[in-house]
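K.L.:
Below are the structure tokens for one structure; questions will follow.
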């Protein structure tokens, strides 16, 4: 490219335009935009072009050198690399460079354009993260509403049967369970569609002092009373125990773990939830005496769309996201979760929450 043409374009551009002479190892042309993007002295870069390399991220240098070799062989190049700016944030730089040949078809100089694309890359990363969050929100709604709605359906069927038989002793309990299940569904929807959730690209937790024992009792009560669920439930531990938690998300966690246990525990089985008071944290142990998890699947059990996904004992299909949702919800509340299981010998999920 003609140097005069570069000067005409480069003098008012925010992009760097350059022509680097391979023989003199100096710039035949370099516009002032280098100061804004690279920082430092324009005159210094003209006098010593190698100083430009000192800010390039060490991990990106091998790629840059590889493309430089291609330029020397007469090939153009397009690449992105990072600058490490002292006392500032890293920048993402896009380079388009072209070899200039003499009459003997030898590369004598390299001409190119350099652009700071940091903001563009940050925005693209934001869009990717926001899309991921939207997909996660839809997965949570689709997955976590199934449990409470199944309870409503089961109780509605029991109501219909009792009405036909004119048995009304349990009517008050039935309506209470329906109300609780519906409130759970509404709370999940409100949480996912909350203004804070929609504005932020990260899933947040509304942490508060929650009576964990009472919350677990509220969640398991409708399952235990449902005529379509044969497994028995037991809650062990103190009558009250408070932890720092998000009430709606904790509700989702317990519903997910119950649904998971029901899938892999025979009708005569038992699901036991134990709350253990420790010095600084509450330990919640969620145990069933079902078929357990094969040892080779345990490392993948919390993966999204996990390959450890299995069909339930009654043929229930598995999407493979339930336990990954549980892990995410536990961790954003500052909790921890892990599992112990042996094939044909039951499963225990452990959750640890900060006491309050």
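In our numbering, the protein residues as written are 1475 to 1830. All C-beta atoms in this analysis are idealised placements derived from N, C-alpha and C, irrespective of residue type, glycine included. This structure is a prediction, so every number in the text was calculated from the model and none was measured.
1. Put residue 1586 into one of helix, strand or coil per three-state DSSP.
2. Following the continuous alpha helix (DSSP H) through residue 1493, name the residue where it begins and the one where it ends.
3. Taking the alpha-carbon positions, what's the residue 1559 to residue 1683 distance?
4. What does the Cβ neighbour count give for residue 1816, buried or exposed, with the cut at 16 atoms within 10 Å?
5. Express the C-alpha separation of residue 1562 and residue 1576 in angstroms, rounding to a whole number.
6. Check whether the Cβ atoms of residue 1744 and residue 1763 sit closer than 8 Å, and answer yes or no.
7. In three-state terms, what does DSSP make of residue 1671?
8. When the distance is taken between beta carbons, is residue 1592 closer than 8 Å to residue 1566?
9. Would you check if there are 3 or more beta carbon pairs closer than 8 Å linking the stretch 1491–1504 to the stretch 1526–1543?
10. Report the partner residues of residue 1761 according to the DSSP bridge assignment.
11. Using the three-state DSSP reduction, which class does residue 1710 fall into: helix, strand or coil?
12. Is it right to say residue 1730 is buried, meaning 16 or more other beta carbons lie within 10 angstroms of its own, or is it exposed?
13. Nearest to residue 1654 by CA position, among 1681, 1689, 1546 and 1685, is which residue?
14. To the nearest angstrom, how far is it from the Cα of residue 1483 to the Cα of residue 1570?
P.N.:
A quick look at the data gives this:
1. DSSP, reduced to helix, strand and coil, places residue 1586 within a strand of the structure shown.
2. Premise fails: residue 1493 lies in the beta strand (DSSP E), 1490–1495, not in any alpha helix (DSSP H).
3. Whole-angstrom Cα-Cα distance: 44 Å.
4. Counting Cβ neighbours within 10 Å, residue 1816 comes out exposed, since fewer than 16 surround it.
5. Cα-Cα distance, rounded: 41 Å.
6. The Cβ atoms of residue 1744 and residue 1763 sit closer than 8 Å to each other.
7. With a pLDDT of only 48 at residue 1671, under the threshold of 50, the placement of this residue in the model should not be trusted, and no figure is reported.
8. Yes. Within cutoff.
9. Touching, no, given that fewer than three Cβ pairs across the two stretches are closer than 8 Å.
10. Bridge partners of residue 1761: 1746 and 1822.
11. When DSSP states are grouped into helix, strand and coil, residue 1710 belongs to the strand group.
12. A buried status is given to residue 1730, since no fewer than 16 other beta-carbon atoms sit within 10 Å of its beta-carbon.
13. The option with the nearest alpha carbon to residue 1654 is 1689.
14. C-alpha separation (whole angstroms): 15 Å.
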